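Residue numbers (the numbering used here), protein chains in the order written: chain A, 261 to 375; chain B, 30 to 138.
Working notes, beginning with the structure itself.
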């Protein structure tokens with residue numbers, strides 16, 4: 261079974277703090293994604309990566325950065341957290357199949373509250 | 030902007046009922062289609078992929094109409110355990126996935 265592990269289930273941070281959210285997968289998948297999920301807005305893509313050191317902006321990259329130094333690990337960074345970044349953050353992975361999307365496997369999520 | 034639109038819901042149905050969810054998508058280049066299920070405070074998980082010929086998995090039937098850019102999910106003989114949010118997902122490539130906002134289903138005893 262694919263396992264996608266997110267480092268923290270619940271975090272409480274203060275405005276202006278730097279926040280690291282880490283995601284590790286054990287299935288050698290090429291693609292990794294960071295989403296945020298908010299009531300009424302659904303899942304929105306922040307960033308994704310299709311290879312080590314490669315990253316692409318999603319729909320809402322502002323205020324976020326990412327790092328992928330190893331294939332199995334994809335980190336989301338909030339350089340200076342703001343209250344509007346309070347959300348559920350979900351990491352996901354899938355195998356690169358070219359034109360066809362493979363099944364997405366999600367981590368359990370990290371619920372971030374910024375005070 | 031590539032959109033995926035779902036029935037607004039919520040759907041409240043009695044046990045044993047048949048319920049159908051609809052989803053429309055705007056990107057005609059879409060190649061892969063899925064239904065994901067998300068339980069309250071849990072991560073989404075794949076329920077089923079949707080193929081052009083339609084496919085069935087037990088009580089669940091998914092249909093795709095490429096001409097109308099429309100996907101459906103039918104659940105027969107609803108169980109309490111079917112209560113969840115159902116997400117329509119459309120993809121134009123391995124990492125071009127667009128999620129609908131989801132439809133919440135509550136199955137009532």
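Built from N, CA and C at the ideal position, the CB exists for glycine as well.
This structure is a prediction, so every number in the text was calculated from the model and none was measured.
### Query
Quick one: what's got a C-beta closer than 6 Å to residue 282 (chain A)'s C-beta in the same chain, skipping five residues either side?
267 and 335
#### Entry: Identified DSSP bridge partners for residue 322 (chain A)
DSSP output for residue 322 (chain A) lists no bridge partner at all.
### Option nearest residue 100 (chain B) by Cα separation, candidates B:44, B:61, B:41 and B:45
B:61
### Task
Could you spell out the range, first to last residue, of the beta strand (DSSP E) harbouring residue 36 (chain B)?
Per DSSP, residue 36 (chain B) belongs to no beta strand (DSSP E) and is neither H nor E.
### Query
Cβ of residue 312 (chain A) within 8 Å of Cβ of residue 328 (chain A)?
yes
#### Entry: Minimum Cβ-Cβ distance from residue 60 (chain B) to chain A less than 8 Å
yes
### Task
Use the C-beta contact count for residue 306 (chain A): other C-beta atoms within 10 angstroms, 16 or more gives buried, fewer gives exposed.
buried
### Message
Output needed in chain order: residues of the region 261-289 of chain A with a Cβ under 7 Å from some Cβ in chain B.
### Response
none
### Query
In chain A, which residues lie less than 7 Å from residue 87 (chain B) when you measure between Cβ atoms?
Ordered by position in chain A, no residue passes the 7 Å Cβ test against residue 87 (chain B), which lies about 18 Å from the chain.
### Any chain B beta carbon closer than 8 Å to residue 311 (chain A)
no
### Query
According to the Cβ coordinates, are residue 374 (chain A) and residue 345 (chain A) closer than 8 Å?
yes
### Query
Within this structure, are the beta carbons of residue 261 (chain A) and residue 332 (chain A) separated by less than 8 Å?
no
### Task
With DSSP collapsed to three states, give me the class of residue 370 (chain A).
strand
### Task
Mind checking who residue 292 (chain A) pairs with in its DSSP beta bridge?
A:309 and A:353
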